[in-house]
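Counted the way the working numbering counts, the sequence shown spans residues 391 to 546. We treat Cβ as the ideally placed atom computed from N, Cα and C, and that holds for glycine.
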Amino acid sequence: MRPAQFSLTVNGRACTVEADGDTPLLDVLRNTLGLTGSRFGCGLEQCGACNVLLDGTAVASCTTPLWAAAGKMIVTIEGLGTLANPHPLQQAFLDEQAAQCGYCTSGMIVSAAALLQRTPAPTAAEIKAALDRNLCRCGAHNRIVRAVQRAARMAK
Ligand code: FES
Ligand code: FES
391 MRPAQFSLTV NGRACTVEAD GDTPLLDVLR NTLGLTGSRF GCGLEQCGAC
441 NVLLDGTAVA SCTTPLWAAA GKMIVTIEGL GTLANPHPLQ QAFLDEQAAQ
491 CGYCTSGMIV SAAALLQRTP APTAAEIKAA LDRNLCRCGA HNRIVRAVQR
541 AARMAK
């Protein structure tokens, strides 16, 4: 396929990208737009490290083609909060020390943000179900669940 122009809205900013429409969104975010918070883990929609919000739904950006993201609202971990004004989930992950190597963390937070948007006060079971497809090889799961619960309380 020949390169074409695609209009994207990433973290509230409009931009135009010229690329093959089948290029994975993750590659565009990391390599073209310099948003390296979303991680490449498996490339097979199996680990959640690359998750971003697409119109509010957490999706694997490694298997989302550029053409499918055009015209939608894309939010990456960089768009959720800043150092000066972190998202409640970002602050809660820090407070609970809910990361070891941190490789899974941005995908975890993005998936949790989608959960809190649709279920502001989730149970532990709902959190585990929502994060079921996000893998953490460090075994930080209990702290991650506590962090999501803390963020839900902070956001009240
Ligand atoms: S890198 Fe996308 S799900 Fe693993
Ligand atoms: S903190 Fe290392 S993979 Fe989750």
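Quiz prompt | When VAL535, SER501, ALA404, ASP485 are compared against ARG523, the one with the closest alpha-carbon | solution = Along the sequence shown, one-based indexing puts residue 523 at 133. Nearest neighbour of ARG523 by Cα position, chosen from VAL535, SER501, ALA404, ASP485, turns out to be SER501.
Quiz item: In terms of residue numbering, what span does the alpha helix (DSSP H) encompassing VAL400 cover?
Solution: Translated into the one-based positions of the sequence shown, residue 400 becomes position 10. Secondary structure note for VAL400: it is in no alpha helix (DSSP H), and the uninterrupted beta strand (DSSP E) holding it is 394-400.
Exercise. Report the option in PHE483, ARG429, ALA504 whose CA atom is closest to the CA atom of ALA448.
Key: To locate residue 448, count along the sequence shown from 1; it is residue 58. Cα-wise, what sits closest to ALA448 is ALA504.
Quiz item: By DSSP, does THR472 sit in helix, in strand, or in coil?
Solution: Here residue 472 refers to the residue found at position 82 when the sequence shown is read from its first residue. Residue state for THR472 is assigned as coil, using DSSP reduced to three classes.
Quiz item: Within the present structure, is the beta-carbon of CYS452 separated from the nearest heavy atom of ligand 1 by less than 8 Å?
Solution: Locating residue 452 in the sequence shown gives position 62, counting from the first residue. Under cutoff, so the answer is yes.
Quiz item: How should LEU470 be labelled, buried or exposed, when 16 other C-beta atoms within 10 angstroms of its C-beta is the threshold for buried?
Solution: Mapped onto the sequence shown, residue 470 falls at position 80. Result: buried.
Practice problem: With DSSP collapsed to three states, give me the class of GLU435. | Solution: Start at 1 with the first residue of the sequence shown, and residue 435 comes out as number 45. Of the three classes helix, strand and coil, the one that applies to GLU435 here is coil, per DSSP.
Quiz item: Can you pull the DSSP bridge partners for THR422?
Solution: Locating residue 422 in the sequence shown gives position 32, counting from the first residue. The partner list for THR422 (beta bridge, DSSP) is empty, contrary to what the question assumes.
Quiz prompt | Residue nearest to LYS546 in terms of C-alpha spacing, selected from ILE534, PRO512, THR426 | solution = Residue mapping note: residue 546 aligns to position 156 of the sequence shown, counting from 1. Nearest of ILE534, PRO512, THR426 to LYS546, Cα basis: PRO512.
Quiz prompt | Distance cut-off 8 Å: ASN441 Cβ against heavy atoms of ligand 1 | solution = Looking up residue 441 in the sequence shown gives position 51. Of the heavy atoms belonging to ligand 1, at least one sits nearer than 8 Å to the Cβ of ASN441.
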